[in-house]
Amino acid sequence: MEKISNVTEFVFLGLSQNIEVEEVCFVVFSFFYMVILLGNLLIILTVCVGNLFKSPMYFFLNYLSFVDICYSSVTAPKMIVDLLAKRKTISYVGCMLQLFGVHFFGCTEIFILTVMAYDRYVAICKPLWYMTIMDRDRCNKMLLGTWIGGFLHSIIQVALVIQLPFCGPNEIDHYFCDVHPVLKLACTDTYVVGGVVTANSGTIALGSFVILLISYTIILVSLRKQSAEGRRKALSTCGSHIAVVIIFFGPCTFMYMRPDTTLSEDKMVAVFYTIITPMLNPLIYTLRNAEVKNAIKKLWGRRVFWEANGK
């Protein structure tokens, strides 16, 4: 079949067609995006300045914050600008790039969360071997693996969509370009492509989620052998990880584990994993982690000292 496309741009229907609702959303999501940027930058700055890179947990937390900034930046700025625009458009190339970015950073985040669960498993279940197993070379290889995995996943998604013909209509009932809403606009049968897309995304989301559940179950069972203080510290760290996993994987599973269909709830569900989760990650890890809080206090204490001495 020869690809014949005459669509050069797509039109988003956005979160709402009500002007007053869009104005309220503009204020709310602008605030959320600022919190995402400032919160995750604070985590990155704290890890770097506080010299926490030596710990594998903070090594991966640093990159999780970086991915959160990139992930939300793929969709949030465009959505915020569109909330005040009469016509919400995006070029065909821009749409494909946005689709790539959403799946690249989203999948990378899934793999980083999985690696962080493995890190906690080794730290709690094999404490004497922790620094040997999680040495810097292995951490770098695992981090590289998360980026490669995210890239391969997103390339497959884009390759499946880009070979489809788009003849019109060109209205996407969403606030960003995602696979399922875009597939609905293709002027050809997308049953096979939709099945491959669902299998690709669903296998990664469900597979990683199952691995995470098994990891944390093993960790929680092993805590019975720990002292009361050891259990408290482990639960504090793992509790924040589990909270992030539930908030992130719940909406992702809902979106990508079902057949190639779109629902009216999809836009609000997508808000959770593209904006709410990147915003909550710094808060969850900061409030639940004493070491991060102490490092932030030292960071700000050092800044106050510099300002007091005119440096």
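For the record, in the sequence shown the residue sitting at position 75 is 75 according to this note's numbering, with numbers rising by one throughout.
The beta carbon of each residue, even a glycine, is placed where N, CA and C say it ideally should be.
Coil, strand or helix - residue i by DSSP
| i | result |
| --- | --- |
| F60 | helix |
| V7 | coil |
Cβ neighbours of residue i in the same chain (closer than 6 angstroms, five flanking residues each side left out)
| i | result |
| --- | --- |
| T89 | E9, V11 |
| C95 | F10, C177 |
| N40 | S65, D68, I69, P282 |
| I43 | S65, P282 |
| R258 | none |
| Y256 | S201, G202, A205 |
| G101 | V74 |
| E22 | S16, L83 |
When the options are compared against residue i, the one with the closest alpha-carbon
| i | options | result |
| --- | --- | --- |
| N312 | T75, L13, N140 | For the chain, the structure presents residues 1 to 311; residue 312 sits outside this window and is missing. |
| I204 | G150, C48, Y175 | G150 |
| N18 | A85, K78, N6, T132 | A85 |
| V81 | V197, T190, Y175, T132 | Y175 |
| G194 | I156, R87, V47, Y216 | I156 |
| D137 | S55, V21, R232, R231 | S55 |
| K78 | P169, G14, I219, E265 | G14 |
| Y216 | F254, V292, V245 | V245 |
| V269 | L164, F249, S91 | F249 |
| G106 | V93, K267, S72 | S72 |
| L280 | I242, G145, F254, K267 | I242 |
| Q226 | L144, T198, P127, G145 | P127 |
| Y92 | Q163, H153, L37, I110 | Q163 |
| F104 | L235, S154, E265 | S154 |
| M34 | A76, F59, E265 | A76 |
Span of the beta strand (DSSP E) around residue i
| i | result |
| --- | --- |
| I90 | 88-91 |
Same chain, Cβ closer than 7 angstroms to residue i, five either side skipped, listed in chain order
| i | result |
| --- | --- |
| C252 | A205, Y273 |
| S222 | I124, C125 |
| Y130 | V122, A123 |
| V179 | L99, Q157, V161, V197 |
| T114 | S208, I211, L212 |
Neighbourhood of residue i by C-beta distance below 8 angstroms, restricted to the same chain and skipping five residues each side
| i | result |
| --- | --- |
| V182 | F10, C95, L99, V161, I172 |
| M57 | M116, D119, R120, A123, T237 |
| I276 | F32, I247 |
| V210 | none |
| T46 | L52, V292, A295, I296, L299 |
| F111 | G145, T146, G149, G150, S208 |
| V192 | none |
Continuous alpha helix (DSSP H) stretch holding residue i: start and end
| i | result |
| --- | --- |
| S30 | 19-49 |
| K267 | 266-271 |
query: Quick one: complete alpha helix (DSSP H) runs, 4+ long, within the region 132-215?
result: With a minimum length of 4 residues, the unbroken runs of alpha helix (DSSP H) contained wholly in the region 132-215 fall at 136-162, 179-183.
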